[in-house]
Structures are given as C-alpha cells and as structure tokens.
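*Asks:* Numbering-wise, our numbering comes out as the position in the sequence shown, counting from 1, plus 299.
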Amino acid sequence: MNKTIRHTSVFVLVLVLALLGRATWVQAYEGKALADDSKNRRKTIAQYAQPLGNIVVAGSPVTGSKRTEGGDLAYKRTYTDGELYAAVTGYSSQAYGATQLEGIYDSVLDGTDDRLKNPVDAVTRKQQEPGTVVTTIDPDVQKAAYEALGDTKGAAVAVDPATGRILGMVSTPSYDPSKIAGTTDGAAWKELTTDEDKPMVNRALRQPLPPGSTFKLVVAAAALEDGLYGSVDTATKSPDPYTLPNTRTVLKNENASAPCENATIRTALQYSCNNVFAKMAADLGQDKVKAMAEKFGFNDDELDVPVRAYPSVYPSGMDKAQTALTGIGQFDVTATPLQMAMVSAAIAADGLLAAPHMVSEVVDSDGDALTTYEDGDTTRVVSSSTAEQLRSAMRTVVDKGTGTNAAIAGAEVGGKTGTAQHGENNSKTPYAWFTSYAKDPTTGKQVAVAVVIEDSGAARSEVSGNGLAAPVAQKMMAAALK
300 MNKTIRHTSV
310 FVLVLVLALL
320 GRATWVQAYE
330 GKALADDSKN
340 RRKTIAQYAQ
350 PLGNIVVAGS
360 PVTGSKRTEG
370 GDLAYKRTYT
380 DGELYAAVTG
390 YSSQAYGATQ
400 LEGIYDSVLD
410 GTDDRLKNPV
420 DAVTRKQQEP
430 GTVVTTIDPD
440 VQKAAYEALG
450 DTKGAAVAVD
460 PATGRILGMV
470 STPSYDPSKI
480 AGTTDGAAWK
490 ELTTDEDKPM
500 VNRALRQPLP
510 PGSTFKLVVA
520 AAALEDGLYG
530 SVDTATKSPD
540 PYTLPNTRTV
550 LKNENASAPC
560 ENATIRTALQ
570 YSCNNVFAKM
580 AADLGQDKVK
590 AMAEKFGFND
600 DELDVPVRAY
610 PSVYPSGMDK
620 AQTALTGIGQ
630 FDVTATPLQM
640 AMVSAAIAAD
650 GLLAAPHMVS
660 EVVDSDGDAL
670 TTYEDGDTTR
680 VVSSSTAEQL
690 RSAMRTVVDK
700 GTGTNAAIAG
710 AEVGGKTGTA
720 QHGENNSKTP
730 YAWFTSYAKD
740 PTTGKQVAVA
750 VVIEDSGAAR
760 SEVSGNGLAA
770 PVAQKMMAAA
780 LK
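Next comes the structure, spelled out in structure tokens:
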C-alpha cells in the first residue's frame, strides 16, 4: 500500500469512528432529551396514544379521556366540573401543554414515567398503563367556595391545620379546561389568554396581594413572642391619632369612634385599629416582624403544594415609617390566600404549622404507591401560649368585632378581616380579605380558611372583609365541619 492510500485509509477510519461515536452519544446520552423535547411530535403522539390516568377527588375522578376522530392523537383530555376544579387540576392540552397537577404529573398520567415500567419494559420503552393522582380536596368544601365566590374576582383556600391537607382551592373567574384540550381550540385559547380578568391565573397560589389588616395577626404574634406585650389583654402604648415616624403623615383608623387609643391587642384586633399595629411594627422593628413572617411562610420561594406557589413577601431595607405601614399589611407586603390560610392554620394548631399539600399519593395502575405525601410535617411557629391567646382574640373578632359574618352555630370560630388599598393613592376598589379558623368541639374537626375578593362589582363604600370575604369563609368552614 502506497503512502497516499494509507493516509486516506486512516482519514476515512477516523471519520467512521467519529460518526460511530456521535451516533452512540446521541443514542445513549441525548436520546431521552430529544424524546422529551416539547417540539418532538412523537412525544405528543405517545402522550395521547391511550386514555390518560386520572386526578381523583374523594375517590372519584374529576378528569377523563375521549377518543378523537382522525389525526394521530388518539385521545384527548376531558374534565368533570372543569370550572369547579380548574385551580386544582390545571389543563392538559394537545396544543398548549399542561399546567398545575396535569403538568407536574404528566408522565405518570400518560404512562411514560419509568416507575410504571418493569425492567423489560424499560429497555423496550413499552408504554404502560397510566397512574393516578389522588388529591386531598374535599368536594363539599370546594363546591361551597366556588358557589360562594360566584361572579366575583377572587380566591379561597381551606387547609386542615393538623395535617396540612388542602381541602379546597378555588380561583374565580374560572375556566373549563375541556375547551382547550384539543388541537383546534385556538379561538377558545385566545379568548382565555386575552381576557383582562385572567381566568387562567390561579389566584389562590399565584397572585400575591397586599393582605391588609389580616397581617395584623403576624405582628401580634411577633409582639407576644418578643415579650413587647405580656398578653392580648395588656394595654399597648398606642396614641390615636398616630403619626408615622419621622413624617407628618397621620394614620387613620377605619372607625374613628373605635376605642383604639392604647388599646389591648384583643381590642385592636376586634376593631382593627391601625394605630396599634403600625406602632407595634415600628417598635418591634422590621427584622423581628420579618422573622415572624418568615416563620409563617413569607419569603419562601420554594413552597410546593406540589404546585409551586408564588412567594408571599415581607420586605427589607425599609425606614421606620415604611415598617409601620407593614404592620397593617400595606407598603410592600404581599400574600396569597394560601399564605394567609397558613397563618390561621398555625394559630389553630397550637403554634405548629403543617406543610400544606393537595396531593396525598400518586399510584400506579395496580394502586401501588409511587409517591406518598405525609400529613402533619410540622414546624413550630409560635408557642402554644401565644397561639391560644391569638385564638381567643380572633374569637372576639367573630363574636363581637369586625368578623361577625363568619360565625357558625355550635362551632368555635375565630377570624380577622382585612381591607387592603389598591392602586396609586388607593384610587381603585380595595381588596377585601378574611382569614379564619373553625373547630367543632363535638367531632374535633377543624379547618383554616383564607379568602380574598379582588373585585365584587360592589360600590367602594360596600367593600369590607366582613361583608364580602367572611361569608365565603363561613360557608367553606361549615362544609368542612360537617
């Protein structure tokens, strides 16, 4: 063999080896990534090649599958009471992907999760029967929230304080995921995504808003834990009117005739005295209030239930006047309904906060658990004594304060109203809040709830936590205690 042929042979051999190496790399290392790529049509075909697994509420599926006519996607997703459960399920669309539980557990629900396969199937990539997602949702609580919210723009969350199980989660206005499940639903998709009321936004988890006076519970907890005041019945040092520190701005109370000067924490919660909690936050300082807020769950950017909730925020870097405003849930404080339900849940559970979750387990087609979410994974937020005192004060709010619309005959109910400013110089309709807990002394059942009404269409003068949000919470709590 002459020199030229030998060099050419070596060069060709190198090219063949490079080609084989690249093919091996793609097959062995990049194959899964290519298979899972959202632009890979084969992935979508495989996903809808058979009926999808179901999302289950109280033993009954709230999802289903329907055989399609023509095309290469054999089945599409259907929903039972789609608008009722949209904030829980999300959607699974042949054209637009999947969200919420549908998105998190898509591989379980379409049968492609490796945990569903035996060793032989894992090698052959045979698609198995899909699994099932079992939720913690109580259909009675869910329905009560949905019907009570009605045509308003708002959200509500109910949590079992002892276990952290989410019993109800509703966001309104809602939408029917069935209407965008196929490949020819462009008009419905455009209508939903351009709607200024944003029906596809899960307001319960993903729209933090100023919590207003409901945040006063967090400030009261910080004051009691710090020892600033010995009990909820100790007189505070709270002038009325109260001028924000280092300013000429006078902070007014909603009820000018309320006995807010030097009021106790109990009285200040009962009448929702701004002067008391603004000064309390300023006296404590932002670091102590922030520390307490974070114990309740604020500033947590990894709160998964298992859907990721947007963080509720207690800010930093404030001056004393701004810190005072945070004491009444204003300035840059924001919270989701889930977060405010967590505040009431921890108070109801003697100061222990159970990790909130809305899925109890994920099972395969034989009912064997793939993933189990434990109840009662708790952390200590406040002492049992502080929690008991706050419950007592919250009961006063419902018994004879600003939260009377939450009362339930025969049950222990405590709550806190809130009305939060909206828009520059409070130019828009305020947000109406209510957070609460209820216990049945006979059965031992308990529940914590938070409700926000963004817009009810009511006149500005008619917007209040007791008038708009408390009735929704009352119906949810009554349903949970049945």
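Backbone N, C-alpha and C fix where the C-beta goes; we use that ideal spot for every residue, glycine too.
The structure displayed is predicted, hence computed values, not measured ones.
Which of the three DSSP states, helix, strand or coil, is assigned to residue 733?
*Replies:* Here residue 733 corresponds to residue number 434 of the sequence shown, with the count starting at 1. Residue state, collapsed to three classes: strand.
*Asks:* Using the Cβ count rule (16 or more neighbours within 10 Å means buried), how would you classify residue 686?
*Replies:* Numbered from 1 along the sequence shown, position 387 holds the residue referred to as residue 686. Residue 686 comes out buried.
*Asks:* Which residues in the same chain as residue 294 place their Cβ atom closer than 6 Å to its Cβ, once the five residues preceding and following it in sequence are excluded?
*Replies:* Because residue 294 is not part of the residues shown, which for the chain are 300 to 781, the question remains open.
*Asks:* Classify residue 386: buried if its beta carbon has 16 or more other beta carbons within 10 angstroms, exposed otherwise.
*Replies:* The residue you call residue 386 lines up with position 87 of the sequence shown. That one is buried.
*Asks:* What three-state label does DSSP hand residue 409 in the structure shown?
*Replies:* Counting from 1 along the sequence shown, the entry for residue 409 is found at position 110. Here residue 409 sits in coil by DSSP.
*Asks:* How do the stretch 340-359 and the stretch 406-413 stand: do at least 3 beta-carbon pairs fall below 8 Å, yes or no?
*Replies:* The stretch 340-359 vs the stretch 406-413: in contact.
*Asks:* In or out: residue 333 buried (at least 16 other Cβ within 10 Å) or exposed?
*Replies:* Here residue 333 refers to the residue found at position 34 of the sequence shown. With a pLDDT of only 46 at residue 333, under 50, the local geometry of the prediction cannot be trusted, and the value read off the model is given with reservation. Burial call: exposed.
*Asks:* Measuring from the CB of residue 658, is there a heavy atom of the ligand FMN at a distance below 6 Å?
*Replies:* The ligand FMN is not part of this structure, which contains no ligands at all.
*Asks:* Report yes if the C-beta distance between residue 733 and residue 716 is below 7 Å; otherwise report no.
*Replies:* As a working note, residue 733 is residue 434 in the sequence shown. As a working note, residue 716 is residue 417 in the sequence shown. Yes, they are a contact pair.
*Asks:* Which residue comes first and which comes last in the alpha helix (DSSP H) that contains residue 774?
*Replies:* Counting from 1 along the sequence shown, the entry for residue 774 is found at position 475. First-last of the alpha helix (DSSP H) with residue 774: 769-780.
*Asks:* Going by DSSP, what residue range makes up the beta strand (DSSP E) through residue 660?
*Replies:* Working through the sequence shown from its first residue, we reach residue 660 at position 361. Here the beta strand (DSSP E) through residue 660 covers 658-662.
*Asks:* Take residue 460 and list the residues in its own chain whose beta-carbon comes closer than 6 Å to its own, dropping the five residues that flank it on each side.
*Replies:* Residue mapping note: residue 460 aligns to position 161 of the sequence shown, counting from 1. Within the same chain, residue 460 has close Cβ partners 644, 647, 648, 745, 747.
*Asks:* Should residue 547 go down as buried or exposed, given a rule of 16 or more other Cβ atoms within 10 Å for buried?
*Replies:* Here the question's residue 547 lines up with position 248 in the sequence shown. Exposed is the call here.
*Asks:* Let me know the secondary structure DSSP gives residue 763 once reduced to three states.
*Replies:* Here residue 763 refers to the residue found at position 464 when the sequence shown is read from its first residue. It is coil, neither helix nor strand.
*Asks:* Of the residues 584, 571, 738, which one's Cα is nearest the Cα of residue 763?
*Replies:* One-based indexing of the sequence shown puts residue 763 at position 464. Nearest option by C-alpha distance: 571.
*Asks:* Tell me which same chain residues have a C-beta within less than 6 Å of the C-beta of residue 391, skipping the five on either side of it?
*Replies:* As a first step, residue 391 is located in the sequence shown; it is residue number 92 there, counting from the start. Taken in chain order, the residues that qualify are 376, 397, 401.
*Asks:* With burial defined as no fewer than 16 other Cβ atoms inside 10 Å of the residue's Cβ, what is the status of residue 417: buried or exposed?
*Replies:* If you number the sequence shown from 1, residue 417 lands on position 118. That one is exposed.
*Asks:* With respect to the beta strand (DSSP E) encompassing residue 452, which residues constitute its N-terminal and C-terminal limits?
*Replies:* As a first step, residue 452 is located in the sequence shown; it is residue number 153 there, counting from the start. 452-458 is the span of the beta strand (DSSP E), which, as asked, contains residue 452.
*Asks:* Assuming residue 588 and residue 613 form a contact by the criterion Cβ under 8 Å, report the distance between their Cβ atoms to the nearest whole angstrom.
*Replies:* By 1-based counting over the sequence shown, the position of residue 588 is 289. By 1-based counting over the sequence shown, the position of residue 613 is 314. At roughly 7 Å, the Cβ-Cβ gap stays under 8 Å, so residue 588 and residue 613 are in contact.
*Asks:* Quick one: give me the first and last residue of the beta strand (DSSP E) that residue 641 is part of.
*Replies:* On the sequence shown, residue 641 is found 342 positions in, with the first residue counted as 1. Here residue 641 belongs to no beta strand (DSSP E); instead the alpha helix (DSSP H) covers 636-647.
*Asks:* Could you check what DSSP says for residue 355 in three-state terms: helix, strand or coil?
*Replies:* Taking the sequence shown and counting its residues from 1, one reaches residue 355 at position 56. Looking at residue 355 - three-state DSSP - the assignment turns out to be strand.
*Asks:* For the stretch 701-716 against the stretch 615-626, do three or more pairs of beta-carbon atoms, one drawn from each stretch, fall closer than 8 Å, so that the two count as touching?
*Replies:* No, because fewer than three Cβ pairs between the stretch 701-716 and the stretch 615-626 fall closer than 8 Å, the two stretches do not touch.
*Asks:* Ignore the nearest five residues each way along the sequence and tell me which others in residue 462's own chain have a CB closer than 7 Å to its CB.
*Replies:* In the sequence shown, the residue the question calls residue 462 occupies position 163. Answer for residue 462: 653, 674, 675, listed in chain order.
*Asks:* On a CA-only basis, which of 720, 684, 465 is nearest residue 606? Give me that one, please.
*Replies:* Taking the sequence shown and counting its residues from 1, one reaches residue 606 at position 307. Of 720, 684, 465, the residue nearest in Cα terms is 465.
*Asks:* Counting only beta-carbon separations shorter than 7 Å, does residue 437 have a partner in chain B?
*Replies:* This model lacks chain B altogether; it includes just one protein chain.
*Asks:* Using three-state DSSP, classify residue 748 as helix, strand or coil.
*Replies:* What you label residue 748 is simply residue 449 of the sequence shown in a count that begins at 1. Three-state result, residue 748: strand.
*Asks:* Quick one: measure Cβ to Cβ for residue 679 and residue 650, integer angstroms, because I've assumed they're closer than 8 Å.
*Replies:* As a first step, residue 679 is located in the sequence shown; it is residue number 380 there, counting from the start. As a first step, residue 650 is located in the sequence shown; it is residue number 351 there, counting from the start. That pair is a contact at about 6 Å.
*Asks:* Count the other CB atoms, across all protein chains shown, that sit within 10 Å of the CB of residue 683; report buried if there are 16 or more and exposed otherwise.
*Replies:* Here residue 683 corresponds to residue number 384 of the sequence shown, with the count starting at 1. Label assigned to residue 683: exposed.
*Asks:* I'd like to know if the stretch 498-506 and the stretch 530-537 are in contact, where contact means that at least 3 CB-CB pairs between them fall below 8 Å.
*Replies:* With a cut-off of 8 Å, the stretch 530-537 and the stretch 498-506 do not count as touching, because too few Cβ pairs lie within range.
*Asks:* In three-state DSSP terms, what is residue 813?
*Replies:* There is no way to answer for residue 813, as the model of the chain reaches only from 300 to 781.
*Asks:* Could you tell me whether the Cβ atoms of residue 458 and residue 636 are closer together than 7 Å?
*Replies:* Within the sequence shown, numbered from 1, the residue matching residue 458 stands at position 159. Within the sequence shown, numbered from 1, the residue matching residue 636 stands at position 337. No; because the gap between Cβ atoms is not below 7 Å, this pair is not in contact.
*Asks:* Quick one: is residue 389 buried, meaning 16 or more other Cβ sit within 10 Å of its Cβ, or exposed?
*Replies:* By 1-based counting over the sequence shown, the position of residue 389 is 90. Residue 389 should be labelled buried.
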